[in-house]
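Participant:
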Amino acid sequence: MKPAQMMRRQTPASATRAVIRRTRNAGRSMAADRRLRRITRDVSRSPRSSDTAVVVHLHYPEVWPTLVERLSLLPQDLDLFVTVSDPAWGSRDGILRAAPHARLYRTPNIGRDVLPFIRVAAGLRSAGYSAVLKLHGKRSVHADDGAEFLDACLEELVPSAEGARRCRELVVDGRAAMVGPASRYYPLAIHVWLNSPDLHWFLSRRKPQGSAALDEPSRFGFFAGTMFWANLDRIAECLDVPTRKFEAELGQLDGTMAHALERLFAVVPQLDGHQVWASDDAGCTPLANDAYTWPAWALRRPELE
43 MKPAQMMRRQ TPASATRAVI RRTRNAGRSM AADRRLRRIT RDVSRSPRSS
93 DTAVVVHLHY PEVWPTLVER LSLLPQDLDL FVTVSDPAWG SRDGILRAAP
143 HARLYRTPNI GRDVLPFIRV AAGLRSAGYS AVLKLHGKRS VHADDGAEFL
193 DACLEELVPS AEGARRCREL VVDGRAAMVG PASRYYPLAI HVWLNSPDLH
243 WFLSRRKPQG SAALDEPSRF GFFAGTMFWA NLDRIAECLD VPTRKFEAEL
293 GQLDGTMAHA LERLFAVVPQ LDGHQVWASD DAGCTPLAND AYTWPAWALR
343 RPELE
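If you read the sequence shown in the numbering used here, its first letter stands for residue 43, the second for the next number, and so on.
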């Protein structure tokens with residue numbers, strides 16, 4: 043049988059089913075967007091007791107005790123916002139018992155930790171916050187080192203009460219656009235071909251001069267894991283990506299809009315000439331854009347180095 047004959051022939055019935063699927067997906071995206079935009083509005087009207095907020099996303103509530111332990115080192119005036127995915131919402135009482143002053147928001151399970159974050163962060167910026175610490179209950183169930191990855195990020199972003207104070211000060215006063223975990227600063231060139239469609243989409247609309255980031259991706263770095271301290275003005279362009287650009291949750295390992303924004307949160311400030319810093323238990327250090335190391339797990343593409 044010829045290859046052309048082996049292709050599935052589209053019938054009127056299959057075409058109709060495809061239209062129905064697209065319509066349902068569009069409807070789900072619109073419903074998710076309405077929920078998330080309500081969160082943005084609610085956050086923008088929230089009382090503010092600090093110039094800095096902490097935003098934590100939980101999809102795996104069993105990780106919450108680990109996060110709470112580290113959150114206890116933060117200054118007491120920071121406002122805590124916790125987004126909880128639909129599947130984890132049943133754990134909300136336990137979350138509040140450990141952090142009674144947290145402001146909880148239920149979110150659709152779309153866009154991983156990134157889409158809920160950008161909707162909350164947009165509200166924070168409108169409310170007058172200057173800076174944010176972004177964390178999430180990362181497990182990486184596809185990897186053997188998910189717990190170690192989370193522990194490293196937490197220990198480097200909040201190494202101590204004094205270390206957290208230094209990180210906060212850097213992003214509040216704007217010396218640092220972002221402070222990320224030192225051990226997770228990776229080259230943009232890692233798997234850039236998987237993310238190039240979403241990166242192109244974003245840069246062509248929001249940052250036309252940013253094509254250099256894709257032409258020479260080894261000139262730029264990002265913080266893998268999407269946990270960081272950030273000045274909200276420096277990442278503002280990343281905070282209004284349409285909900286429809288985020289794919290349905292199918293356990294993807296890379297190549298989604300959430301993965302593209304993981305990179306853009308650091309790359310956009312670099313393109314604007316702002317400095318990103320790294321933090322660990324030794325302190326905070328300004329980084330050159332290309333001051334990264336290739337992680338052992340990365341599939342290297344020498345032509346991109």
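Note that the Cβ used here is the ideal one computed from N, Cα and C, for glycine as well.
Quick one: any contact between the segment 265-278 and the segment 238-249, if contact means 3 or more CB pairs under 8 Å?
Facilitator: no
Participant: Just how far apart, CA to CA, sit glutamine 118 and methionine 269?
Facilitator: Your numbering for residue 118 matches position 76 in the sequence shown. Your numbering for residue 269 matches position 227 in the sequence shown. Roughly 20 Å separates the two Cα atoms.
Participant: In terms of alpha-carbon separation, which member of Ala219, Ala290 and Val310 lies closest to arginine 247?
Facilitator: Along the sequence shown, read from residue 1 onward, the residue named residue 247 stands at position 205. For the residues Ala219, Ala290 and Val310, the minimum Cα distance to arginine 247 belongs to Val310.
Participant: So what's threonine 149 in DSSP terms, helix, strand or just coil?
Facilitator: As a first step, residue 149 must be located in the sequence shown, where it is residue number 107. Strand, per DSSP.
Participant: At which residue ranges does the segment 90-161 contain complete beta strand (DSSP E) runs of 3 or more residues, listed in the order of the chain?
Facilitator: When DSSP assignments are scanned along the segment 90-161, the uninterrupted stretches of beta strand (DSSP E) that are 3 or more residues long and fall wholly within it turn out to be 94-100, 121-127 and 145-149.
Participant: Label tryptophan 235 either buried or exposed according to how many other C-beta atoms from any shown protein chain fall within 10 Å of its C-beta, with 16 as the threshold for buried.
Facilitator: Against the sequence shown, residue 235 aligns to sequence position 193. Result: exposed.
Participant: What does proline 23 pair with, by DSSP beta-bridge criteria?
Facilitator: Absent from the structure is residue 23, since the part of the chain shown begins at 43 and ends at 347.
Participant: Would you give the residue range spanned by the beta strand (DSSP E) that valine 318 belongs to?
Facilitator: Translated into the one-based positions of the sequence shown, residue 318 becomes position 276. Its beta strand (DSSP E) spans residues 318-322.
Participant: Output needed for arginine 161: all residues of its chain with C-beta closer than 6 Å, excluding positions within five of it in sequence on either side, in chain order.
Facilitator: By 1-based counting over the sequence shown, the position of residue 161 is 119. Excluding five sequence positions before and after arginine 161, the CB atoms of its chain that fall closer than 6 Å to its own CB belong to Leu78, Ile81 and Thr82, given in chain order.
Participant: Residue range of the beta strand (DSSP E) that methionine 269 falls in?
Facilitator: For the purposes of this step, residue 269 is taken as the residue at position 227 of the sequence shown. Premise fails: methionine 269 is in no beta strand (DSSP E) and is neither H nor E.
Participant: In angstroms, rounded to a whole number, what distance separates the CA positions of leucine 313 and alanine 300?
Facilitator: For this step, residue 313 is matched to residue 271 along the sequence shown. For this step, residue 300 is matched to residue 258 along the sequence shown. Answer to the nearest angstrom: the Cα atoms are 20 Å apart.
Participant: Keeping to the same chain, check which residues put their C-beta closer than 7 Å to that of glycine 216; ignore five residues upstream and five downstream.
Facilitator: The residue given as residue 216 occupies position 174 in the sequence shown. Contacts found: Asn273.
Participant: Within this structure, are the beta carbons of glycine 165 and valine 85 separated by less than 9 Å?
Facilitator: On the sequence shown, residue 165 is found 123 positions in, with the first residue counted as 1. On the sequence shown, residue 85 is found 43 positions in, with the first residue counted as 1. Glycine 165 places its beta carbon less than 9 Å from that of valine 85.
Participant: In chain order, what residues of the same chain have a beta carbon less than 7 Å from the beta carbon of tryptophan 131, not counting five sequence neighbours either side?
Facilitator: What you label residue 131 is simply residue 89 of the sequence shown in a count that begins at 1. Arg148, listed in sequence order.
Participant: Give the straight-line distance between the Cα atoms of methionine 72 and glutamate 279, rounded to the nearest whole angstrom.
Facilitator: For this step, residue 72 is matched to residue 30 along the sequence shown. For this step, residue 279 is matched to residue 237 along the sequence shown. For methionine 72 and glutamate 279, the distance between alpha carbons rounds to 22 Å.
Participant: Opposite methionine 220 in the DSSP bridges: which residues?
Facilitator: Translated into the one-based positions of the sequence shown, residue 220 becomes position 178. Residue pairing of methionine 220 in beta bridges, as defined by DSSP: Ala272 and Val318.
Participant: Using the Cα positions of aspartate 128 and asparagine 151, report the straight-line distance between them to the nearest angstrom.
Facilitator: Counting from 1 along the sequence shown, the entry for residue 128 is found at position 86. Counting from 1 along the sequence shown, the entry for residue 151 is found at position 109. Approximately 6 Å between the Cα atoms of the pair.
Participant: For a test of the three-state rule: what should DSSP assign to leucine 199, helix, strand or coil?
Facilitator: Residue numbering aside, residue 199 sits at position 157 when the sequence shown is read from its first letter. Helix, per DSSP.
Participant: Taking the alpha-carbon of serine 260 as reference, which of Gln251, Asp282 and Ala231 has the nearest alpha-carbon?
Facilitator: In the sequence shown, counting from the first residue as 1, residue 260 sits at position 218. Nearest C-alpha to serine 260: Ala231.
Participant: Given a threshold of 16 other Cβ atoms within 10 Å of its Cβ, counted over all protein chains shown, does serine 321 qualify as buried or as exposed?
Facilitator: Taking the first residue of the sequence shown as 1, we reach residue 321 at position 279. Buried, by the Cβ-count rule.
Participant: So, helix, strand or coil for histidine 233, using DSSP?
Facilitator: Along the sequence shown, one-based indexing puts residue 233 at 191. Reduced to three states, the DSSP call for histidine 233 is coil.
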